[in-house]
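Below: one structure, written as structure tokens.
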Amino acid sequence: MFVDWSPRYSIGVAPMDEAHKKLMALMNQLHEQRAASDGKPELRRTLKALADFTIRHFREEEAYMQSIEFPGLANHKLIHAKLLEQLNEHANAFETGDGSLPDQFFTFLKVWLTAHICGIDTKYAEHSRAKH
Ligand code: FEO
Numbered sequence: 073m074f075v076d077w078s079p080r081y082s083i084g085v086a087p088m089d090e091a092h093k094k095l096m097a098l099m100n101q102l103h104e105q106r107a108a109s110d111g112k113p114e115l116r117r118t119l120k121a122l123a124d125f126t127i128r129h130f131r132e133e134e135a136y137m138q139s140i141e142f143p144g145l146a147n148h149k150l151i152h153a154k155l156l157e158q159l160n161e162h163a164n165a166f167e168t169g170d171g172s173l174p175d176q177f178f179t180f181l182k183v184w185l186t187a188h189i190c191g192i193d194t195k196y197a198e199h200s201r202a203k204h
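As structure tokens, then:
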């Protein structure tokens, strides 16, 4: 297992926790597919599913932050845009490459999870708790 859900990843906002679990499941799937030496079409399909779900999650999360009047929304949006840009760069490198996904890509995914979910997403969750 590449990443295993644990309470330390919970930010206490149920729909966002569910979305983060789904992101992890897709990351795990990609990792397993690489370990099984799946072909480029299979990896591409999961990579696309991860990118599509990420876009959807970021959109929903930004709408949620807006609904709770989170003052850090603009900055969080910039961080999301940067993450999507990096994900795109990795996807492009995959397309033009030999069909493999390098360790560097999985390091990026892991840093995203630990730094973004635990360090950045928790901020709007704290704001939400303080507000209610
Ligand atoms: Fe859950 Fe800001 O991504």
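Under the working numbering, the letters of the sequence shown match residues 73 to 204, in that order.
Note that the Cβ used here is the ideal one computed from N, Cα and C, for glycine as well.
Item to complete: Following the continuous alpha helix (DSSP H) through Leu-95, name the residue where it begins and the one where it ends.
Response: Numbered from its first residue, the sequence shown carries residue 95 at position 23. Secondary structure note for Leu-95: its alpha helix (DSSP H) is the uninterrupted segment 86-107.
Practice prompt. Measure the C-alpha to C-alpha separation of Thr-168 and Glu-133 and round it to an integer number of angstroms.
Written response: Indexing the sequence shown from 1 puts residue 168 at position 96. Indexing the sequence shown from 1 puts residue 133 at position 61. The alpha-carbon of Thr-168 is positioned some 31 Å away from that of Glu-133.
Discussion item. In this structure, how does DSSP classify Met-137 when only helix, strand and coil are distinguished?
Written reply: Walking along the sequence shown from the start, residue 137 turns up at place 65. In this structure, Met-137 counts as helix in the three-state DSSP scheme.
Discussion item. My output table needs one value for Leu-159: the three-state DSSP class, helix, strand or coil.
Written reply: Position 87 of the sequence shown, counted from the start, is the residue given in the question as residue 159. Correct three-state label for Leu-159: helix.
Worksheet entry | Reference Met-137, options Phe-74, Val-75, Ile-192 and Tyr-81, closest by Cα | On the sequence shown, residue 137 is found 65 positions in, with the first residue counted as 1. Comparing C-alpha distances from Met-137 to each of Phe-74, Val-75, Ile-192 and Tyr-81 shows the shortest one belongs to Ile-192.
Item to complete: Quick one: give me the first and last residue of the alpha helix (DSSP H) that Asp-175 is part of.
Response: Along the sequence shown, one-based indexing puts residue 175 at 103. Per DSSP, Asp-175 belongs to the alpha helix (DSSP H) from 175-183.
Discussion item. Buried or exposed for Val-85, going by 16 or more other Cβ atoms inside 10 Å?
Written reply: Taking the first residue of the sequence shown as position 1, residue 85 is located at position 13. With a threshold of 16 other beta carbon atoms within 10 Å, Val-85 meets it and is buried.
Worksheet item: Around the Cβ of Thr-126, are there at least 16 other Cβ atoms within 10 angstroms (buried) or fewer (exposed)?
Response: Here residue 126 refers to the residue found at position 54 of the sequence shown. Answer is buried; the Cβ neighbour count reaches 16.
Practice prompt. Decide if Ser-200 is buried, meaning its Cβ has at least 16 other Cβ atoms within 10 Å, or exposed.
Written response: Within the sequence shown, the letter at position 128 stands for residue 200. Buried, by the Cβ-count rule.
Fill in: At least three beta-carbon pairs within less than 8 Å, the stretch 147-163 to the stretch 104-111
With the cut-off at 8 Å, the stretch 147-163 and the stretch 104-111 do not touch.
Worksheet item: Quick one: Cα of Ala-202 to Cα of Tyr-196, how far?
Response: Taking the first residue of the sequence shown as 1, we reach residue 202 at position 130. Taking the first residue of the sequence shown as 1, we reach residue 196 at position 124. Taking C-alpha positions only, Ala-202 is separated from Tyr-196 by approximately 10 Å.
Worksheet item: What three-state label does DSSP hand Asp-110 in the structure shown?
Response: On the sequence shown, position 38 is the one that residue 110 refers to. Coil, per DSSP.
Worksheet item: Using 8 Å as the Cβ pair cut-off and three pairs as the minimum, do the stretch 178-191 and the stretch 80-98 touch?
Response: Flag = yes, the stretch 178-191 and the stretch 80-98 touch.
Practice prompt. Report the three-state DSSP secondary structure of Pro-79 (helix, strand or coil).
Written response: Within the sequence shown, residue 79 is the residue found at index 7, counting from 1. In this structure, Pro-79 counts as helix in the three-state DSSP scheme.
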